[in-house]
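Residue numbers (the UniProt record's numbering): 1 to 688.
Every residue gets a Cβ at the ideal spot worked out from N, C-alpha and C, and that includes glycine.
Remember, it's a predicted structure, so these values are computed and weren't measured experimentally.
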């Protein structure tokens, strides 16, 4: 058994670093320092406890008492030290009052607390300690050359194996203590959960008792009501019968009185006899009857009550284990648009759950600790084990999302979310377009209809971007089709600027109707409202035609008596008319009367943007339009409220930036699909 006392300075070797330690044999140490030199017993805390003499030697109490009891020391307050023979003064209270040997007691305490490690030794060289190489994790004997050569590299660090054991023991002890602390904390958490479970059960039991108590009150109230109704009807019948009894008694007394007097005239006797025949029919038979019946189906009532009670109070439980649940950021978070975070729940085995109902709490905050500002968010239970957490912020930066189930955080909570100040392109389709100018979404499959002018066709894409089919017609020839609108039953209205014609084709690209309007100068865009009216944007006017393609009226795009060149047209809410110009976006009512200007630039900036396309979202009352700055030639998507307030702009940077958005379509999910004329692509962004 050895004790590592200290570590000597490293000893430089030619090929490795050797760290030497001093090992002391515990038995030798105890015999030398912890044993009474007189009786050779080990010091303890009883009769053999160490006492310190004035000569600085330590002797056990038992030996001192025997020395003090010697005849030559009788009556003296002195005792001779058995080691140095120096006379030492004894206190008045006897040898027990001598001071304790502090050093001996400290050494005893250290050895008692010290963990004794059994250090293995080499079978060939048992007197030499083994060495341990930290670099290659190998134990070897310094005198066994065959093994020693394995750890002679320049990068090897060699220490005594006893020291390595001590270090490993301390590390293991530290980890064990940490584990014990964690288990203690886990015990507290489990006990807390048990208390919460009992509290929750008590609340549920109280709720059940309160509900059934209320049901009992309702049943008792109805029982009393029915009993009271029966008794009231009984009293009514009883009153009629009692009145009849009184009438019978009166008649009986009257007849008995006449019989006693025998003074009734003959004529009166005949008259009374005739009258009695009539009244006897009323008096001799009860005017009321004893019939009462409760009209109800008791078995049906019991069945209904039983069904209602069986359907009440389904108990929901959950196997969700919060440490196995995760929150995931499905899309890149951007300002002004909804960010979706998905919470996926799992049980204690890590298996995904397929049901909902868990008490999930989520908080989103930004700012320093203690100064956080909670941000509103919505939480949706998908009833399949997942939960949607949706939020929208207007300021970029770092946000913290904390999610808990049963009040316990999920695995990766809190989640740090970086909100970008720029909206990024989410999806792109390049289906061999050549100068696409318009796009529309056709329900119910959400297919894309793209007016591919350069290829003289309408290309139909699936919602995934895969090409479905192409439509070609005479009105599409010449690369001059500029407007497109979807009609019922798959029909399509097409506007051609070169022929100044408005044509309708069916789902098979066969012509249905076509007109050439002489007042068209340079038609550029087409839209159809809910009433089936056709809105044709010309450079100077907007023409309104009925469903039969007959002109109804037209109006110029004047704002503050300033004439503006029209660039696009779209249908607003309640068949309003949105008109884009080279410098503004104007809103007219269905009769062509100007309502207001819709801001397409941030407040305080000079407007120099031309509107190239526009669309309205009736769900969010937002207007999305493509704008191109005439000074910088920068293209973006501008989002405004229907009331006219500018909200924000969408535009990617670098190679994915917009060049000239020529047509847009909005989906109910909050996505905007845009055809970019120069890049020949269909792109998707998020506007809410």
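Residue state for residue 334 is assigned as strand, using DSSP reduced to three classes.
By the neighbour-count definition (other C-beta atoms within 10 Å, threshold 16), residue 229 is an exposed residue. CA-CA distance, residue 531 to residue 657, rounds to 37 Å. The beta carbon of residue 352 sits closer than 8 Å to the beta carbons of 344, 345, 346, 385 from its chain, once the five residues preceding and following it are set aside; these are given in chain order. When secondary structure is reduced to three states using DSSP, residue 106 falls in the helix class.
Using a Cβ distance threshold of 8 Å, residue 61 and residue 96 count as a contacting pair. Classified as buried, residue 525 has 16 or more neighbouring CB atoms from the shown chains inside 10 Å of its CB. For residue 339, the closest C-alpha among the options 250, 598, 393 is that of 393. Annotation for residue 228: no beta strand (DSSP E) segment contains it, though the alpha helix (DSSP H) segment containing it runs 161-261. Excluding the 5 residues flanking it on each side, residue 618 has same chain C-beta neighbours closer than 7 Å at 573, in chain order. Per DSSP, residue 53 has no beta-bridge partner at all.
Segment contact: the stretch 580-592 against the stretch 555-569, three or more CB-CB distances shorter than 8 Å; contact assigned. The beta-bridge partner set that DSSP reports for residue 518 is empty. Nearest Cα to residue 322 within the set 390, 413, 304, 300: 413.
A direct Cα-Cα distance of roughly 19 Å separates residue 550 from residue 540.
Sorting 76, 304, 630, 144 by C-alpha distance to the C-alpha of residue 606 places 630 at the top. CA-CA distance, residue 452 to residue 620, rounds to 30 Å. Secondary structure at residue 677: coil, using DSSP grouped into helix, strand and coil. In this structure the stretch 126-143 touches the stretch 157-171; the number of beta carbon pairs closer than 8 Å is three or more. Around the beta-carbon of residue 538, 16 or more other beta-carbon atoms lie within 10 Å, marking it buried. Each of 318, 611, 70, 475 was checked against the Cα of residue 456, and the nearest Cα belongs to 475. Within the same chain, and ignoring the five residues on either side of residue 390 in sequence, the residues whose Cβ sits closer than 6 Å to its Cβ are 338, 340, 378. A straight line joining the alpha-carbon of residue 57 with that of residue 92 spans about 20 Å. Residue 198 counts as exposed, since fewer than 16 other C-beta atoms from the protein chains shown sit within 10 angstroms of its C-beta. In the DSSP assignment, the residues bridged to residue 129 are 121. In the structure shown, residue 134 adopts coil according to DSSP, grouped into three states.
When the five nearest sequence neighbours on each side are left out, the beta carbons in the same chain lying within less than 6 Å of the beta carbon of residue 356 are those of 381, 383, in order along the chain. Within the same chain, 475, 514, 515, 516 come within 7 Å of residue 501 by CB-CB distance, once the 5 residues on both sides are set aside. With respect to residue 327, residue 415 sits close: the two C-beta atoms are nearer than 8 Å. Residue ranges of uninterrupted alpha helix (DSSP H) with 4 or more members, entirely inside the UniProt domain "RING-type" (36-85) and ordered along the chain, are 61-68.
Looking at the backbone, the Cα of residue 611 and that of residue 430 are separated by about 24 Å. Judged by DSSP secondary structure, residue 300 falls outside any beta strand (DSSP E) and instead within the alpha helix (DSSP H) spanning 298-310.
With contact defined as three or more Cβ pairs closer than 8 Å, the stretch 586-600 and the stretch 662-670 are not in contact. Contact check for residue 616 against residue 623 passes: the beta carbons are separated by less than 8 Å.
Residue state for residue 348 is assigned as coil, using DSSP reduced to three classes. Distance from the CA of residue 288 to the CA of residue 252, rounded to the nearest whole angstrom, comes to 20 Å.
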